[in-house]
Amino acid sequence: MHDLRTAGATPPFPAAPPPPTAGDPAPDFELVANGTATRLSSLRGSPVVLVLHNPEWDPARREQIDAFNRLLASLPAAAEQRLITVGAAHPWLELEFDTSRVALPVIRDDDGSIAQAYGVHDTPAVFVIDERGIVRWTHMGRTPPREGDIIAALTSFAARDEPRSSSWNRREFIATVLGVAASLTISPRLAVAERIAAASTAPGAARAVTLNVNGRQLRLTLEPRVSLLDALREYAGLTGTKKGCDHGQCGACTVHVDGRRTLSCLTFAMMHEGQQITTIEGLAASAGTSGNTLHPMQQAFIKHDGFQCGYCTPGQIMSASAMIHEPWGAADSDVREAMSGNICRCGAYPGIVAAIQEVRANAADGEHGQ
Amino acid sequence: MISFDYVPVDDLRAASAAGAHAHTRFIAGGTTLVDLMRLGVERPTTVIDLNVLARKDASLTAVSDLPDGRLRLGALAHMSDVAWDRRVRDRYALVSEALLLAASGQVRNMATIGGNVLQRTRCPYFRDVTQACNKRVPGSGCGAIAGRNREQAILGTSEQCIATHPSDLAVALAALDAHVHVRGTSGERVIPFTRLHVVPDAHPDRETVLRPGDVITAIDLPSGIPARSTYLKVRDRASFAFALASAAVALDVSGGTIRAARVALGGVGTKPWRSPEAERALVGKAANDAAFHAAAEAALAEARPHRDNAFKVELAKRTLVRALTEVSA
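Going down the list, the protein sequences come from chains G and R. Under the numbering used here, the first residue of the first sequence is numbered 3, with each subsequent residue one higher. Under the numbering used here, the first residue of the second sequence is numbered 2, with each subsequent residue one higher.
See below:
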């Protein structure tokens, strides 16, 4: 590639076409799917949702995950397997949840040609393309679209397209996320490839991180500065762990790391590869309970009214369920001291202490009985 | 939070070399560093993670008996592991108590021994980047001296800084004459604990004698310390608060006479405040109220209170008297 920086006054790219609007044919481009090169046009027969985003609009962020969860929930289960599998060399964000799995294939638009073809420069954009390759709905702007809008767009053209409606409905589409990480340039005059190269070597660049959360391997793409708390809430979609003070003073963010209670706000996610992380979502399973049975500490909090508004409760329960394995004395005052890192603004402390003491007593009985 | 480069290391030599560069910070438990980075007080461009090293080299996280009777605390051992260790509880009660009276259960599970003694002050002017602070920005002034200074120090202060050293553990270690093992770019060395920290004088940004690239690898607790010891901490609430005043004391009393004494104060000094004056006032005296009060007067003789923290002079005296009374009972 010639050095575009020496190109003088000549713009590095030809003038960009305007973005396609409803009714326009979707510009074709090459992508790697299922390990082989193919083209967008080869996907005809199924609608495609194309999302172009820059790093600030990460598809793994919570609102995106929630949107895709709801999208997938409206599909038959088989649709999950119809997501395009992008070549292994590309980023592949796979997120597992208790009942669903969200796979977000990301194709890097390294030379900026896809963004160029779709007239996208500096804002995220969503294009809903119908099964004949016609753009049916677009969204551009800093605010993410609502998933309802995307479903509505799919539904509307599914209903209109008589010839295909009998063999196809909105539940049978390939939800494809095509990301162009770092390639939607603020200044289109800068060489896109160079910007990507700079981004991938810059200090603090995001990289793949595998976290074991609640017994599942989560592959996330995170910058070093992402706290374990933010990784859980904003990237993995596990919002049971709460953000209170974000400074280690309230305990709302308490999780277990290798069985020990830990403040997820005061540690970076990257530091915990290879460790077992348990959140409130996985607490019951970690104790060996199955189905819909709650952890004994959860049950005790309910029984003893150990909460009012509930915001501190996940942290209280995670802290309590680890504290009972620490060598504290038997008195209520020991419980209060041991739990002093968890603040409850509603003042549910008497119920919290009672719940913990009951679980400790039951555990002691169980040990005596063995 | 600003962006930074994350560098995990699994080798001490590599850690020292990496840490010797400007704008780097080591991270172990992270309970101080992450907090201060989120506040914008700490702005490293590179964060060097010592936890991989800790998992690889067990000696860095172990509590181990030395042949001569000393006890070695691995610098990357967590506060909770050291606090609950049977040998620490039996032989160094003041260390166990200082640890268990500090922070919260979660923080103690994360924070390490080495990190604990290097934690930064809780002075609100240091933690607020919109305020003047000679420790954070040398030459910018001190907001606390003419401002709100109820929590600030009364011993070891200077015209530039009155920030209190926040560690409880460090006060116990100062009383014990512990030793600090340091690995630096030019090899290993041992520093007496009481010489690890420095008073602010004209350079409050300098808090210890450590040099760039230095990693604390272990802290040794001496043998033969007075048998009875305690750490007494007084604070605004019953738990999870920094000391307004604290006392780490150890006494040997036989036949009603004090044979040996160790005294250090917390919550009142710009560094963990060992008090040889108080010790001299105790040794050879009868273990009674008069001796304890004389020790307290000696310990606080040089106190320099400011507008809001004059109460600390009397509070520290009473804290020390009560600790001495309890440990000699």
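For glycine and all other residues, C-beta sits at the position ideal for the given N, C-alpha and C.
By alpha-carbon positions, which one of R319(R), Y126(R), A299(R), N289(R) ends up nearest to S329(R)? N289(R)
Contact with chain G by V35(R), beta-carbon distance below 8 Å: yes
Burial state of C311(G), where buried means 16 or more other Cβ atoms lie within 10 Å: Exposed, by the Cβ-count rule.
Could you check what DSSP says for L97(G) in three-state terms: helix, strand or coil? Low confidence applies here, because L97(G) scores a pLDDT of 39, under 50, leaving its location unreliable; read the following figure in that light. Strand at L97(G).
Limits of the unbroken beta strand (DSSP E) element including S230(R): 229-235
Would you kindly work out how many angstroms separate the C-alpha atoms of A251(R) and D169(R), rounded to a whole number? 15 Å
Taking only the alpha-carbon atoms, compute the straight-line gap between N110(R) and V130(R) and give it to the nearest angstrom. 29 Å
Determine which residues of the region 262-278 of chain G have a Cβ less than 8 Å from any Cβ of chain R, and write them out in chain order. R262, R263, T264, L265, C267, L268, T269, F270, M272, M273
Within-8 Å CB hit, H141(G) to chain R: no
Less than 8 Å between C-beta atoms, sequence neighbours within five positions excluded: which residues of the same chain meet that for D253(R)? Within the same chain, D253(R) has close Cβ partners P227, A228, R229, I259, R260, A261, A262.
Can you pull the chain R residues whose beta carbon is under 7 Å from the beta carbon of R227(G), in chain order? M2, S4, F5
Any idea what DSSP makes of Y237(G), helix, strand or coil? helix
Can you give the beta carbon distance from D58(R) to Y7(R), rounded, assuming they're within the 8 Å contact cut? Incorrect: roughly 20 Å between the Cβ atoms, too far for contact.
Checking the sheet assignment: what are the DSSP bridge partners for H258(G)? R263(G), T280(G)
Contact with chain R by S321(G), beta-carbon distance below 8 Å: With 8 Å as the cut-off, S321(G) counts as an interface residue toward chain R.
CB contact check: E328(G) to chain R, cutoff 8 Å: yes
Could you tell me which whole alpha helix (DSSP H) segments of length 4 or greater appear in the region 234-304 of chain R? 277-283, 290-300
Establish whether the CB of F241(R) and some CB of chain G are separated by less than 8 Å. yes
Selection of the region 83-115 of chain R by Cβ proximity to chain G, strictly under 7 Å: Per Cβ criterion, the list reads W85, S105, G106, Q107, V108, N110, M111.
Closest to G270(R) by CA distance: which of S159(R), T32(R), R26(R) is it? S159(R)
Show which residues of chain R have a CB atom less than 8 Å away from the CB atom of D248(G). R39
Look up L211(R) in the DSSP assignment and say whether it is helix, strand or coil. coil
On the three-state DSSP scale, how would you describe P167(R)? Three-state result, P167(R): coil.
From the DSSP output, which residues share a beta bridge with V211(G)? L222(G)
Sorted by chain position, which residues of the same chain lie with C-beta nearer than 7 Å to I155(R)'s C-beta, five sequence neighbours on each side aside? V269, A304, R305, P306, N310, K313, V314
Could you tell me the distance, in whole angstroms, from the CA atom of F98(R) to the CA atom of V89(R)? At residue 98(R) the sequence reads Glu, which differs from the Phe that was named. So the two alpha carbons sit approximately 10 Å from each other.
Please report the Cβ distance between I116(R) and F270(G), rounded to the nearest whole angstrom; I am assuming they are in contact, meaning their Cβ atoms lie under 8 Å. Note on residue identity: the sequence assigns Gly, not Ile, to residue 116(R). Their Cβ separation, rounded to whole angstroms, is 15 Å, which puts G116(R) and F270(G) out of contact at 8 Å.
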